[in-house]
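Numbering (the working numbering), first residue to last: 10 to 491.
A virtual CB, placed ideally from N, CA and C, is assigned to each residue, including glycine.
Being a predicted model, the structure only gives us computed values, none of them experimental.
I have placed the structure first, in the form of structure tokens, so that the comments after it can refer back to it.
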């Protein structure tokens with residue numbers, strides 16, 4: 010039986026487009042509308058093979074002429090973002106060779122090309138990771154005598170992760186650790202286990218786009234709270250909304266780089282305890298603090314051991330190609346998560362886990378050198394931006410991998426689109442929030458080598474010169490001029 014094509018309602022598309030007329034406001038209205046829809050498709054906020062609203066109904070929702078919508082759809086068809094079927098409307102697609110700007114797991118730029126990829130906030134690997142395989146080969150024969158399934162994770166890795174928590178001041182046993190295939194899987198498991206569809210889930214915004222994808226998939230009722238300086242707004246929202254789950258990044262936040270202080274952590278744990286919520290704390294960046302960043306104890310050490318679920322990953326500190334993550338929580342929580350995981354994924358790969366053990370127990374020099382490289386790259390990017398784009402505003406983070414830049418006007422989508430002409434791949438600001446917010450912002454990772462970051466800023470300077478001079482998309486040949 011043929012499946013029915015999904016459709017996005019006109020009111021929903023209008024809401025997602027936000028203030029689309031302000032993007033490239035010197036261009037024709039239909040081109041600005043096409044730009045907005047194109048961005049939603051590239052961000053993944055409109056999936057592939059989804060039917061867009063009819064021209065007349067969308068025109069009514071947007072308060073524009075039907076000709077404007079018709080011209081925008083024609084432009085998108087010409088570019089390969091829409092395909093029209095007789096009687097079936099206009100259905101979204103990705104042109105051949107295009108990847109979603111927001112989906113970091115999608116195809117990236119071609120290696121050894123002149124493209125510079127800033128949509129992915131992760132460093133390349135290190136030769137010392139390959140050297141650590143010697144220890145893996147020595148340990149592997151012992152594990153080959155077993156069938157290889159370890160639903161909670163290999164004991165040596167759980168011991169190594171528990172030891173890391175104890176080093177940070179949080180007493181942890183191996184029974185409180187479960188190994189998973191990256192932080193993204195950990196988030197999915199927690200959401201599936203501890204919330205039902207339409208349950209309220211609170212998160213701070215801007216935030217990690219991957220958690221937004223998970224919450225959309227599980228049809229959670231997302232309550233977003235703006236990222237304030239002292240985080241008291243989040244504590245207030247917890248007491249007011251009484252959510253099942255709260256997601257936050259306390260250490261070197263993605264994308265802002267903020268480090269949450271001890272007082273704020275204690276207040277969040279208190280609010281969660283009073284409301285009965287679980288705090289899902291993403292610690293993927295916790296090892297990436299620079300030498301001048303203050304040491305703050307893990308959030309779970311502030312009295313909320315049973316209400317705090319901490320997740321970590323090898324991806325940001327070591328290498329994203331190593332798909333190993335973990336969950337640290339109360340034993341009863343761990344048991345539930347392991348049971349949930351068994352229905353979709355029996356166990357993490359043994360070789361990957363053994364490599365993670367080698368790195369966690371012997372990778373101090375590697376981590377130190379990566380932190381130093383990131384600090385140098387951060388300073389290089391900051392200096393270049395101050396010189397070439399002084400109108401852009403941003404805090405200088407004490408750790409992490411990115412700058413969160415206020416462009417001063419809602420042109421993020423336009424900047425990302427124009428940057429492709431300069432062989433720059435970026436993630437639009439609205440990817441980090443809901444309903445088209447953060448169009449004034451752009452995340453720029455400092456994960457590339459310093460010399461490449463200088464080139465990035467040179468190209469961005471040219472991009473902004475084009476945008477400020479009124480750059481607009483070239484209309485399709487023979488297309489309307491409205």
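request  = Indicate the three-state DSSP secondary structure (helix, strand or coil) for residue 79 in the structure shown.
outcome  = helix
ask   = Skipping 5 residues on each side, what residues in its chain have a beta carbon closer than 6 Å to that of residue 66?
value = 19
Extent of the continuous alpha helix (DSSP H) to which residue 165 belongs = 164-176
task = Give the straight-line distance between the Cα atoms of residue 60 and residue 403, rounded to the nearest whole angstrom.
result = 38 Å
request  = Specify, as a first and last residue, the run of the alpha helix (DSSP H) that residue 349 falls within.
outcome  = 340-350
request  = With DSSP collapsed to three states, give me the class of residue 191.
outcome  = coil
task = Quick one: give me the first and last residue of the beta strand (DSSP E) that residue 291 is part of.
result = 287-291
Sequence-distant residues of the same chain with beta carbon closer than 7 Å to residue 358, five excluded per side = none
Whether residue 466 touches residue 398 by CB criterion (8 Å) = yes
ask   = Looking at residue 411 and residue 450, is the spacing between their C-beta atoms short of 8 Å?
value = no
query = Nearest to residue 74 by alpha carbon, out of 38, 142, 372 and 135?
reply = 38
key: Three-state secondary structure assigned by DSSP to residue 102   = coil
inquiry  = Suppose the cutoff is 6 Å on Cβ atoms and the five residues either side in sequence are ignored; what does the same chain contact list for residue 475 look like?
reply    = 427
key: Buried versus exposed call for residue 460 [16 or more other C-beta atoms within 10 Å across all chains shown]   = exposed
request  = Name the one or two DSSP bridge partners that residue 213 has.
outcome  = 234
task = Give a yes or no on whether the C-beta atoms belonging to residue 134 and residue 263 are separated by under 8 Å.
result = no
task = Count the C-beta pairs between the region 124-132 and the region 427-436 that are closer than 8 Å, then say yes if the count reaches three, no if not.
result = yes
Anticipated Cβ contact below 8 Å, residue 310 with residue 292, distance rounded = That pair is no contact at about 12 Å.
task = Report yes or no: is there a C-beta of chain B within less than 8 Å of the C-beta of residue 31?
result = No chain B appears in this structure, which consists of one protein chain only.
query = In three-state DSSP terms, what is residue 478?
reply = coil
Alpha-carbon spacing of residue 391 relative to residue 69, whole angstroms = 45 Å
inquiry  = On the CB-based measure, 16 or more other CB atoms within 10 Å of its CB, does residue 405 come out buried or exposed?
reply    = exposed
key: Whether residue 339 touches residue 194 by CB criterion (8 Å)   = no
key: Buried or exposed (CB count within 10 angstroms, at least 16 for buried), residue 113   = Caution is warranted here: a pLDDT of 43 is assigned to residue 113, below 50, making its placement in the model unreliable, and the coordinate value is therefore given only provisionally. By the neighbour-count rule (16 or more Cβ atoms within 10 Å), residue 113 is buried.
key: N-terminal and C-terminal residue of the alpha helix (DSSP H) that residue 149 is part of   = 142-152
key: Every unbroken beta strand (DSSP E) within the region 386-474, with a cutoff of 3 residues, ordered by chain   = 411-415 and 450-454
key: Rounded straight-line distance, which links the Cα of residue 151 to that of residue 160   = 18 Å
ask   = Roughly how many angstroms separate the alpha carbons of residue 15 and residue 100, rounded to a whole number?
value = 9 Å
ask   = From residue 116 to residue 226, what does the alpha carbon distance come to, in whole angstroms?
value = Confidence at residue 116 is low in this model, with a pLDDT of 46, below 50, so the placement of that residue should be treated as unreliable; the coordinate-derived value is given next. About 21 Å.
ask   = Hey, is the region 320-329 in contact with the region 295-302, meaning 3+ C-beta pairs nearer than 8 Å?
value = yes
query = For residue 137, does the three-state DSSP call read helix, strand or coil?
reply = helix
inquiry  = Let's test the definition: count the other Cβ atoms within 10 Å of the Cβ of residue 355 and tell me whether it reaches 16, buried, or not, exposed.
reply    = exposed
ask   = Ordered along the chain, which non-local residues of its own chain (more than five positions away) have a Cβ less than 8 Å from that of residue 198?
value = 189, 336, 346, 349 and 350
key: N-terminal and C-terminal residue of the alpha helix (DSSP H) that residue 315 is part of   = That residue, residue 315, is in no alpha helix (DSSP H); it is neither H nor E in DSSP.
ask   = Quick check: the region 36-50 against the region 84-104, are there 3 or more CB pairs under 8 Å?
value = yes
query = Going by Cα to Cα distance, which pick from 221, 231 and 196 is closest to residue 208?
reply = 231
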